[in-house]
Each structure stands twice: as structure tokens, then as C-alpha cells.
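Remarks on the structure that follows.
In the numbering used here, the protein residues as written are 74 to 400.
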């Protein structure tokens with residue numbers, strides 16, 4: 074099918090008001106928007122990198138024994154990659170309006186770049202809800218079946234990793250086979266796609282995935298809280314940190330789900346639509362908030378990340394392979 078007559082995705086049709094860059098936006102104002110976001114995205118990327126170094130290398134013998142932290146590593150990798158993409162590509166395309174034309178020409182003339190960049194971005198967005206499900210189920214199983222929690226997750230972990238890597242392809246296959254192109258908004262552009270299979274919309278797929286995740290998260294969280302109220306104080310103390318961290322990460326995730334729902338159900342969009350602003354901000358809250366939540370929740374991880382050498386025996390210890398951390 075000729076590209077000029079190929080059916081565009083609904084989002085692309087609604088967003089593609091002009092096939093060229095909009096020069097009416099002030100480059101200075103748009104550049105300042107990038108600078109504001111750069112101020113919090115760069116420290117977030119550095120924090121993610123530091124956490125991954127701690128978990129995967131410096132203290133791997135401690136953290137890799139814990140199924141929760143293995144799942145959290147996958148979350149960190151996804152968030153870190155998305156933040157780096159935003160710093161160097163997505164936000165540059167959107168807010169460096171003075172370079173909009175040469176950058177959009179690069180995207181069109183070198184299709185290998187969007188063919189890698191956009192599917193990877195969407196793969197990671199799909200992987201995040203799956204990781205969220207696994208994190209909440211992990212915490213629930215820890216309080217429901219504490220006597221065999223470690224053994225169950227040790228056996229299941231290889232399947233969990235495969236699930237996170239492979240399941241997103243069930244949602245992004247249409248993106249992979251479709252043509253990627255610049256979609257012009259706010260004086261810049263983002264990368265969209267022309268759907269080869271009309272009914273297979275990424276918005277619909279993500280909405281279904283987010284809805285499933287919210288239901289599972291709500292059920293698992295309710296069971297976890299109910300079970301924690303019936304456990305002994307010693308066990309509650311040992312599990313409280315990771316459970317609270319999981320709850321807070323779930324809150325960040327729910328904000329993203331709400332923003333994506335607004336974007337999906339908003340029938341009429343304009344170039345000044347608030348949904349185009351809320352969606353990336355909600356992603357930022359999730360990607361930036363996740364490492365902050367874990368560092369704030371776990372005093373042990375906080376000491377390791379920031380290199381604080383002083384150690385409190387009553388506040389941090391290892392018992393039977395379980396990391397026990399206080400606030």
C-alpha cells in the first residue's frame with residue numbers, strides 16, 4: 074500500500090494537524106520546558122544507575138537472594154532506559170523546536186532509528202505493568218505463604234523474567250510491522266506509526282493491560298494488608314518496608330494509568346490538549362518516583378546507594394536470607 078494512502082492510527086490522525094514543524098512556538102520558551110524537565114530527569118537517571126550498580130554488582134550477594142529485588146531490578150532497567158530516551162531523544166524532539174526540521178528529516182530519512190527506538194519505548198511501557206503485577210503478587214505471597222515464599226519464587230523467577238521480556242510483544246507487534254513517522258505537536262514532534270492492522274491500536278492494548286494490572290494490584294494489596302494485620306509484630310516489621318515500597322510504587326503506577334485512560338477516551342484532541350501534557354508527566358512520576366520510593370523506604374538500600382558507612386545492627390540485618398530493613 075502506498076504510504077500516502079496508508080491508514081494512520083487514530084492518535085496519529087488526531088495529532089497530525091500539520092505535516093511540518095510549527096514555527097509559531099517560541100524556541101526559548103520550549104527550550105526552558107526541556108531544561109525544567111532535564112533538571113529532574115538527569116538526577117533520576119543517575120539514581121537509577123547507582124541503584125543498579127548496588128544491586129547487580131557491589132552488593133549482589135545480598136540483594137540477588139531476594140525475589141523482590143530481582144523484580145525491582147527489572148523495573149529499574151525499564152525506568153532507566155525510558156528516562157535516558159527522554160533526556161536524549163523524546164524531549165529533545167519535542168522542545169528543541171529550532172532543530173525540529175533537521176531532526177524530523179533524520180527520522181524520516183533513517184528509518185532504522187525509529188524502527189528501534191519506538192518499539193523499544195513501547196515494549197518498556199508494556200513491561201512496566203507486568204512488573205507491577207509481579208511485585209504486588211510477590212508481596213502478597215510473602216505474607217500469605219511465608220514458609221515457602223522464597224522457594225516458590227526461586228523456582229518461578231526464570232518464568233517471571235521471560236514473562237516481562239516476551240509478553241510485551243503481544244501488544245507491540247503492530248508497531249513493529251508498521252511504518253514509523255514524525256507526528257508534529259507543540260512546535261516539535263514525537264514518533265508515531267501508521268497501523269498496518271487497523272483494529273490493533275496500542276492505546277486499546279495498553280488500556281486493557283493497565284485495567285488488568287489495576288484489578289490485580291487492588292486485590293493483592295487488599296489481601297496483603299489484611300494478612301499483615303494478623304501477623305506477629307516481628308514478622309510485620311520485617312516485611313513492612315518492602316510492602317510499603319510496593320504500595321507507593323503502585324500509587325505512581327495508578328497515576329500513569331489514569332493519564333493514559335484520559336488520553337484513550339478523549340474523543341476530540343487539539344494541539345493544546347491537556348492530555349498531551351499529562352501523559353508524559355505521569356510517566357515521569359512513575360519513572361522518577363520508583364527509585365526515590367525504594368531509597369526512602371529501605372534504610373539499608375539508602376545507606377548502600379549514598380555510601381553511608383555507619384550501620385545500625387538493630388535496624389539492618391540478614392535473617393535466613395531475608396533482608397530486614399527499617400526506616
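We put the CB at the ideal spot given by N, CA and C, even for glycine.
Range covered by the alpha helix (DSSP H) that runs through residue i
{"i": "residue 276", "result": "275-301"}
{"i": "residue 231", "result": "222-239"}
{"i": "residue 259", "result": "No alpha helix (DSSP H) contains residue 259, which DSSP labels as neither H nor E."}
{"i": "residue 372", "result": "372-379"}
Local Cβ density within 10 Å of residue i, reported as buried at 16 or more and exposed below that
{"i": "residue 256", "result": "buried"}
{"i": "residue 178", "result": "exposed"}
{"i": "residue 341", "result": "Confidence at residue 341 is low in this model, with a pLDDT of 41, below 50, so the placement of that residue is unreliable and no value is reported for it."}
{"i": "residue 182", "result": "exposed"}
{"i": "residue 134", "result": "exposed"}
{"i": "residue 30", "result": "Because residue 30 is not part of the residues shown, which for the chain are 74 to 400, the question remains open."}
{"i": "residue 380", "result": "exposed"}
{"i": "residue 97", "result": "exposed"}
{"i": "residue 218", "result": "exposed"}
{"i": "residue 345", "result": "At residue 345, the pLDDT of 47 sits below 50, so the modelled position is not reliable and the matter cannot be decided from this model."}
{"i": "residue 227", "result": "exposed"}
{"i": "residue 253", "result": "buried"}
{"i": "residue 343", "result": "Because residue 343 sits at a pLDDT of 46, beneath the cut-off of 50, its placement in the model cannot be relied upon, and the point is left open."}
{"i": "residue 180", "result": "buried"}
{"i": "residue 214", "result": "buried"}
{"i": "residue 302", "result": "exposed"}
{"i": "residue 92", "result": "exposed"}
{"i": "residue 374", "result": "buried"}
{"i": "residue 120", "result": "buried"}
{"i": "residue 189", "result": "exposed"}
{"i": "residue 146", "result": "buried"}
{"i": "residue 278", "result": "buried"}
{"i": "residue 355", "result": "buried"}
{"i": "residue 163", "result": "buried"}
{"i": "residue 233", "result": "buried"}
{"i": "residue 238", "result": "exposed"}
CB of residue i within 9 Å of CB of residue j, strictly
{"i": "residue 251", "j": "residue 263", "result": "no"}
{"i": "residue 323", "j": "residue 211", "result": "no"}
{"i": "residue 258", "j": "residue 197", "result": "no"}
{"i": "residue 195", "j": "residue 244", "result": "yes"}
{"i": "residue 158", "j": "residue 326", "result": "no"}
{"i": "residue 318", "j": "residue 370", "result": "yes"}
{"i": "residue 297", "j": "residue 366", "result": "no"}
{"i": "residue 149", "j": "residue 128", "result": "yes"}
{"i": "residue 156", "j": "residue 200", "result": "no"}
{"i": "residue 330", "j": "residue 284", "result": "yes"}
{"i": "residue 110", "j": "residue 357", "result": "yes"}
{"i": "residue 282", "j": "residue 203", "result": "yes"}
{"i": "residue 169", "j": "residue 107", "result": "yes"}
{"i": "residue 114", "j": "residue 361", "result": "yes"}
{"i": "residue 249", "j": "residue 184", "result": "no"}
{"i": "residue 152", "j": "residue 209", "result": "no"}
{"i": "residue 333", "j": "residue 274", "result": "no"}
{"i": "residue 144", "j": "residue 207", "result": "yes"}
{"i": "residue 328", "j": "residue 280", "result": "no"}
Cβ-heavy atom distance, residue i to the ligand MN, below 8 Å
{"i": "residue 128", "result": "In the structure on display, the ligand MN does not appear, and there are no ligands present to speak of."}
Bridge-paired residues (DSSP) for residue i
{"i": "residue 266", "result": "253"}
For the segment 86-146, list the alpha helix (DSSP H) runs that are entirely contained and at least 4 residues long, ordered along the chain.
-> 100-126 and 133-136
What runs of the beta strand (DSSP E), each 3 residues or longer, lie entirely inside the segment 146-187?
-> none
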